[in-house]
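The structure appears right after this line, and notes come after that.
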Amino acid sequence: MRNVVLGGLLISLALVPKFALAEEKADFPFTGYFSQQLPDTPPGFKQAMCALSFFKQTADGSVVAYELDWQHYKAHNEVRYLEDHRTQCDYNALDQTNECLRVSEYGQAVNKSKFYEHVENIQSDEPILRGFPNRKALDYFLKSADPANTAAIAPSFNQNHLHRCVGFNDEVLAKHISKDATAPTPKGLLLFRAGFQKEQAADAMRIMELISAEALNATLPGQ
Numbered sequence: 013m014r015n016v017v018l019g020g021l022l023i024s025l026a027l028v029p030k031f032a033l034a035e036e037k038a039d040f041p042f043t044g045y046f047s048q049q050l051p052d053t054p055p056g057f058k059q060a061m062c063a064l065s066f067f068k069q070t071a072d073g074s075v076v077a078y079e080l081d082w083q084h085y086k087a088h089n090e091v092r093y094l095e096d097h098r099t100q101c102d103y104n105a106l107d108q109t110n111e112c113l114r115v116s117e118y119g120q121a122v123n124k125s126k127f128y129e130h131v132e133n134i135q136s137d138e139p140i141l142r143g144f145p146n147r148k149a150l151d152y153f154l155k156s157a158d159p160a161n162t163a164a165i166a167p168s169f170n171q172n173h174l175h176r177c178v179g180f181n182d183e184v185l186a187k188h189i190s191k192d193a194t195a196p197t198p199k200g201l202l203l204f205r206a207g208f209q210k211e212q213a214a215d216a217m218r219i220m221e222l223i224s225a226e227a228l229n230a231t232l233p234g235q
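This is the structure we're talking about:
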């Protein structure tokens, strides 16, 4: 998770010294609970994805991602989310970019791996994080006056389409996020990176009902 227009502003950004860009650190421009979507996720299933996998974004740039403990849910009909990973980002308001470090996975510290993002559709409930593996790839994108040129670096970036999880907040999720000291492992989780599948709809509805009425009412509209 967390693995995102440009016009004449990009040309001017290319002329700004990097040290000047580094001085424009700011609060992250959107906060709350979001699910990660594939670009072709049908609109009716975006909210449903929140039942399976989501992350919390805070203004200080910290990100905590959670996955549904699928085995526990199937065995006990109880919604429990386990921490998947944590990331810490520094947001640069001048060029709308993030410099991020993955700091933990499954409750364990990891060798800090750095990646970069360009943040788009900031004011929307469906922002986009365009991710890059290194600063060079991000700079190439920022300096491109022609958006079509980004096709030349397609292998170097990905777009994470996000959806704000309606009805998700600290209060309603407090009883569902596990405080178990035992770190979850990939084998204990059903990872939902492939996107939401229609056969998961019934489970998503039951899960949302247990979270909040607002979350349920926003799930699978028109389906």
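Take the position in the sequence shown, starting the count at 1, then add 12; the result is the number in this note's numbering. Glycine included, each C-beta is placed from N, C-alpha and C at the ideal position.
- Query: Which whole runs of the beta strand (DSSP E) in the segment 59 to 109 are 3 residues long or more, in chain order?
  - Reply: 65 to 69, 74 to 80, 93 to 104
- Take the Cβ of residue 109 as the centre, count every other Cβ of all protein chains shown within 10 Å, and call the residue buried at 16 or more, exposed below. Along the sequence shown, one-based indexing puts residue 109 at 97. Flag for residue 109 reads buried.
- Message: When you compare the segment 218 to 229 with the segment 113 to 121, are there three or more beta-carbon pairs, one atom per stretch, that lie closer than 8 Å?
- Response: no
- Task: Please say whether residue 76 and residue 92 have beta carbons closer to each other than 8 Å?
- Result: Working through the sequence shown from its first residue, we reach residue 92 at position 80. Working through the sequence shown from its first residue, we reach residue 76 at position 64. For residue 92 and residue 76, no; Cβs fall outside 8 Å.
- Message: Does the contact criterion of 3 or more C-beta pairs under 8 Å hold for the segment 180 to 189 versus the segment 134 to 146?
- Response: no
- Item | Three-way DSSP call (helix, strand, coil) for residue 118 in this model | For the purposes of this step, residue 118 is identified with residue 106 of the sequence shown, where counting begins at 1. Coil at residue 118, not helix or strand.
- Query: Taking all protein chains shown into account, do 16 or more other C-beta atoms lie within 10 angstroms of the C-beta of residue 88, making it buried, or fewer, making it exposed?
  - Reply: Position 76 of the sequence shown holds residue 88. With fewer than 16 Cβ atoms within 10 Å of its Cβ, residue 88 is classed as exposed.
- Task: Could you tell me if residue 120 is buried or exposed, where buried requires 16 or more neighbouring beta carbons within 10 angstroms of its beta carbon?
- Result: For the purposes of this step, residue 120 is identified with residue 108 of the sequence shown, where counting begins at 1. By the 10 Å Cβ count, residue 120 comes out exposed.
- Message: Whole angstroms are fine: how far does the CA of residue 148 sit from the CA of residue 66?
- Response: Position 54 of the sequence shown, counting from 1, holds the residue named residue 66. Position 136 of the sequence shown, counting from 1, holds the residue named residue 148. Answer to the nearest angstrom: the Cα atoms are 29 Å apart.
- Item | residue 230, DSSP secondary structure in three states | On the sequence shown, position 218 is the one that residue 230 refers to. Note: residue 230 maps to coil in three-state DSSP.
- Take residue 190 as the anchor and find which of 81, 69, 64 has the nearest alpha-carbon. Working through the sequence shown from its first residue, we reach residue 190 at position 178. Ranking 81, 69, 64 by Cα distance to residue 190 puts 81 first.
- Item | Buried or exposed (CB count within 10 angstroms, at least 16 for buried), residue 70 | The residue labelled residue 70 in the question sits at position 58 within the sequence shown. Per the 10 Å Cβ criterion, exposed.
- Shortest alpha-carbon distance to residue 48 belongs to which of 42, 58, 215, 39? Position 36 of the sequence shown, counted from the first residue, corresponds to residue 48. Nearest C-alpha to residue 48: 58.
- Message: Counting C-beta neighbours from all protein chains within 10 Å, is the total for residue 135 16 or more, i.e. buried, or is it exposed?
- Response: Taking the first residue of the sequence shown as 1, we reach residue 135 at position 123. Per the 10 Å Cβ criterion, exposed.
- Message: Can you tell me which residues form a DSSP beta bridge with residue 176?
- Response: As a working mapping, residue 176 is identified with position 164 in the sequence shown. Note: residue 176 sits in a beta bridge opposite 46.
- Message: Can you give me the C-alpha to C-alpha distance between residue 40 and residue 100, rounded to a whole angstrom?
- Response: Position 28 of the sequence shown, counting from 1, holds the residue named residue 40. Position 88 of the sequence shown, counting from 1, holds the residue named residue 100. Going by the C-alpha atoms only, they are around 11 Å apart.
- Within this structure, are the beta carbons of residue 139 and residue 208 separated by less than 8 Å? Counting from one through the sequence shown, the residue named residue 139 turns up at place 127. Counting from one through the sequence shown, the residue named residue 208 turns up at place 196. It is not a contact, given that the beta carbons lie outside the stated cut-off.
- residue 187 burial status per 10 Å Cβ neighbour count (16 or more: buried): Looking up residue 187 in the sequence shown gives position 175. Counting Cβ neighbours within 10 Å, residue 187 comes out exposed, since fewer than 16 surround it.
- Query: Any idea what DSSP makes of residue 191, helix, strand or coil?
  - Reply: As a working mapping, residue 191 is identified with position 179 in the sequence shown. Here residue 191 sits in coil by DSSP.
- Query: Per DSSP, what kind of secondary structure is residue 134 in: helix, strand or coil?
  - Reply: The sequence position of residue 134 within the sequence shown is 122, counting from 1. Three-state DSSP puts residue 134 in coil, outside helix and strand.
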